[in-house]
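One structure is given here, and the rest of the page talks about it.
There are 2 protein chains.
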Amino acid sequence: MAVEAHVAFLGPAGTFTHEAARVLCGPNARYDACSTIDAVFDAVRRKDAPNGVVPIENSTEGSVTQALDCLLAGDVRIAGEMVLDIVHCLASHAATIAEIERVYSHPQALAQCRRWLAANVPQARLVDSPSTAAAVRHAAGDHRGAAIGSRFAAALHGVPVLHEAIQDAEHNATRFALLAPHDAARTGDDKTTIAFAVHDERGALLRVLEVFDENRINLSRIESRPSKQRAWDYVFIADLEGHRTDGNVARALTVLEKKCPMLKNLGSYPRFRG
Amino acid sequence: MAVEAHVAFLGPAGTFTHEAARVLCGPNARYDACSTIDAVFDAVRRKDAPNGVVPIENSTEGSVTQALDCLLAGDVRIAGEMVLDIVHCLASHAATIAEIERVYSHPQALAQCRRWLAANVPQARLVDSPSTAAAVRHAAGDHRGAAIGSRFAAALHGVPVLHEAIQDAEHNATRFALLAPHDAARTGDDKTTIAFAVHDERGALLRVLEVFDENRINLSRIESRPSKQRAWDYVFIADLEGHRTDGNVARALTVLEKKCPMLKNLGSYPRFRG
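Residue numbers (numbering that gives the first Met the number 0), protein chains in the order written: chain A, 0 to 273; chain B, 0 to 273.
Here it is in structure tokens:
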């Protein structure tokens with residue numbers, strides 16, 4: 000995908016977000032690691048970088064709420080998406096697994112590999128790291144240590160991969176969003192993410208879903224988030240099939256503009272086909 | 000509210016959950032602090048404690064997804080609810096604010112008071128703690144230190160409150176669930192929490208919402224969570240007005256049992272009126 004060659008991403012170097020960004024924006028772009036999701040949005044908003052990449056949803060953990068809240072708060076758009084299978088590797092300079100005394104990783108990655116670790120590296124102490132990428136960097140300097148991280152991070156830091164796909168669960172994938180000041184042009188196989196509020200009355204959400212159904216629009220996802228305006232007041236975030244310029248989507252959005260107290264386009268973008 | 004006098008809660012002693020549990024179960028119950036939400040559910044499931052209390056939703060941050068996933072996974076029920084305004088205090092043994100060199104708290108509480116801290120305690124270093132309750136315990140032993148925590152935690156640890164309600168946002172409340180092996184009897188002013196899945200087809204969620212509307216049932220909240228069965232497969236969690244034994248709710252649930260590939264009652268309980 001040809002995009003401008005300067006990309007802010009959730010770092011440090013070697014994260015799954017970095018890997019997703021490289022797939023979305025190519026090997027020749029300039030990549031700037033940001034320490035938080037907010038900082039990636041800020042970089043795009045302030046035009047420090049024309050593009051950003053952040054995780055927005057995990058198939059097991061659910062939405063990355065910080066990313067959704069940043070999308071709701073600002074005027075940055077989704078211009079692309081990418082789904083990455085989360086495959087954890089054991090990377091170490093140790094010659095054999097028996098030599099490993101410490102396993103570094105992010106607590107979530109350690110948890111996702113707990114059964115494999117107990118069966119295969121029972122002697123090792125588990126050490127929390129701020130990210131899988133940081134864990135691999137750490138293992139690069141500890142020859143009795145190993146890290147759980149991606150093959151990409153292992154390659155980046157020159158640490159040999161001893162075992163691949165050590166995660167306990169079969170299905171673990173993360174969806175990443177390409178951020179930009181504007182969304183993407185129509186390709187004919189697109190998705191649109193919108194946010195909307197409903198009036199506080201019985202059947203209010205139903206009336207909105209009816210508009211999609213009448214226009215033969217499929218919702219691939221719907222989420223609710225606190226509005227941050229009033230306590231216990233929600234906004235919905237929905238992924239629709241189609242581009243906002245497609246006839247049926249455009250018609251539905253025109254109706255919803257009158258029906259909803261708030262409607263916001265968060266971006267139309269080509270659907271990812273893995 | 001009269002419940003059995005032994006309650007597992009998300010600790011340590013002095014958390015907002017502890018405070019909510021005391022309101023729900025009274026001052027004379029025996030309280031067991033658990034270190035994780037999973038551990039509270041486990042205590043109720045294994046009948047180590049007849050009741051548990053966990054946070055399930057914050058008015059700004061949204062759902063406590065760990066609590067929702069535990070509800071979905073097991074057969075523990077919601078038997079009550081309680082909403083607590085989150086009011087942060089500055090607690091310290093220092094005689095004046097000018098003497099404070101360190102402010103301890105959970106990163107989220109520090110973030111929620113950032114503007115007030117910058118204006119009033121600009122000289123202090125901010126130090127992360129695992130909970131607001133742990134921060135207050137820490138400040139009890141550091142006379143140049145202060146903690147951000149609840150008035151309840153300050154009283155529990157004997158630390159004077161120097162300032163109350165120092166959070167930047169006006170509205171910040173958390174909803175807590177009382178957990179039990181069985182849900183609560185009908186009172187006439189109840190709520191019911193259910194989980195359901197829909198078939199993967201256009202309008203599937205709409206058809207479910209129609210059933211509620213036809214039975215004049217108001218949904219006060221609807222959320223989606225990953226099913227953990229298949230990637231990108233979701234279940235919905237909804238709060239309904241009414242008890243599951245109310246005629247209209249019972250009728251709707253009977254219809255949904257046939258319509259939905261999965262339907263689970265997570266509990267009926269008296270609605271909290273603050």
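Note that the Cβ used here is the ideal one computed from N, Cα and C, for glycine as well.
query                                                                                                                     : result
For D182 of chain B, the first and last residue of its enclosing beta strand (DSSP E)                                     : Premise fails: D182 of chain B is in no beta strand (DSSP E) and is neither H nor E.
Selection from A:A28, A:Y30 and A:L9 that minimises the alpha carbon distance to A37 of chain A                           : In the sequence as displayed, the identity of residue 37 of chain A is Asp instead of Ala. Cα-wise, what sits closest to D37 of chain A is A:L9.
Contact belief for F225 of chain A with V75 of chain A at Cβ below 8 Å, rounded distance in angstroms                     : According to the sequence displayed, residue 225 of chain A carries Pro and not Phe. Not a contact, Cβ separation roughly 20 Å.
Of the residues B:A138, B:R150, B:T192 and B:F175, the one placed nearest V63 of chain B, counting alpha carbons only     : B:F175
Beta carbon of I236 of chain A nearer than 7 Å to that of E222 of chain A                                                 : yes
Option nearest A97 of chain A by Cα separation, candidates A:A249, A:A134 and A:R124                                      : A:R124
8 Å contact criterion, which N27 of chain B and A48 of chain B should meet: CB distance rounded                           : The pair is not a contact, with the Cβ atoms about 15 Å apart (cut-off 8 Å).
D238 of chain A - containing beta strand (DSSP E), residue span                                                           : Y233 to E240
Distance, S130 of chain B Cα to C33 of chain B Cα                                                                         : 13 Å
Cα-Cα separation between L178 of chain B and A145 of chain B, rounded to whole angstroms                                  : 34 Å
Partners in chain A for W231 of chain B, counting only beta-carbon separations shorter than 7 Å                           : S58
Spatial neighbours of H17 of chain B in its chain, beta-carbon cut-off 6 Å, leaving aside the 5 residues before and after : F8
Uninterrupted beta strand (DSSP E) stretches inside the segment 131–159 of chain B (no shorter than 3 residues)           : 144–148
Identified DSSP bridge partners for K190 of chain A                                                                       : A:E240 and A:Y268
Given 8 Å, three or more beta-carbon pairs between the segment 180–197 of chain A and the segment 249–267 of chain A      : yes
Nearest-angstrom Cα separation, counted from F271 of chain B out to A19 of chain A                                        : 45 Å
Three-pair Cβ contact test at 8 Å for the segment 109–129 of chain A versus the segment 79–96 of chain A                  : yes
Test: R201 of chain A CB closer than 7 Å to a CB of chain B                                                               : yes
Chain B residues whose Cβ lies nearer than 7 Å to that of K227 of chain A                                                 : T59
Start-end ranges of the beta strand (DSSP E) lying completely within the segment 72–109 of chain B, minimum 3 residues    : 76–84, 88–91 and 101–104
Proximal residues, the segment 207–222 of chain A versus chain B, C-beta separation under 9 Å                             : L208, E209, F211, D212, R215, I216, N217, L218, S219, R220, I221 and E222
Beta bridge counterpart(s) of D127 of chain B as assigned by DSSP                                                         : B:S104
Proximity test, Cβ basis, 7 Å: L83 of chain A and chain D                                                                 : No chain D appears in the structure shown, which is made up of the protein chains A and B.
Range covered by the alpha helix (DSSP H) that runs through I36 of chain A                                                : I36 to R44
Inter-residue spacing [alpha-carbon to alpha-carbon] between Q228 of chain B and A132 of chain A                          : 28 Å
Closer than 7 Å to chain B by CB, V2 of chain A                                                                           : In this prediction, V2 of chain A scores a pLDDT of 45, lower than 50, which makes its location untrustworthy; no coordinate-derived value is stated.
Contacts of R224 of chain A in chain B (Cβ-Cβ under 8 Å)                                                                  : G61
D173 of chain B - DSSP class collapsed to helix/strand/coil                                                               : Per the sequence presented here, residue 173 of chain B reads as Thr, with Asp not at that position. Residue state, collapsed to three classes: strand.
Beta carbon proximity, L205 of chain A to chain B, threshold 7 Å                                                          : yes
Interface residues of chain B facing T14 of chain A [CB-CB closer than 8 Å]                                               : Those do not exist, as T14 of chain A stays about 20 Å from chain B at its closest Cβ, beyond 8 Å.
Q107 of chain A to A94 of chain B span [Cα, whole Å]                                                                      : 42 Å
Opening and closing residue of the beta strand (DSSP E) in which D31 of chain B lies                                      : R29 to C33
Where A172 of chain A meets chain B, residues with beta-carbon distance less than 8 Å                                     : A230 and W231
Spatially closest choice to C69 of chain A from A:H162, A:T253, A:A134 and A:V39, by CA coordinates                       : A:V39
Residue-level contact to chain B via CB, T253 of chain A, 7 Å cutoff                                                      : no
Neighbour flag for T64 of chain B against chain A, beta carbons, 7 Å                                                      : yes
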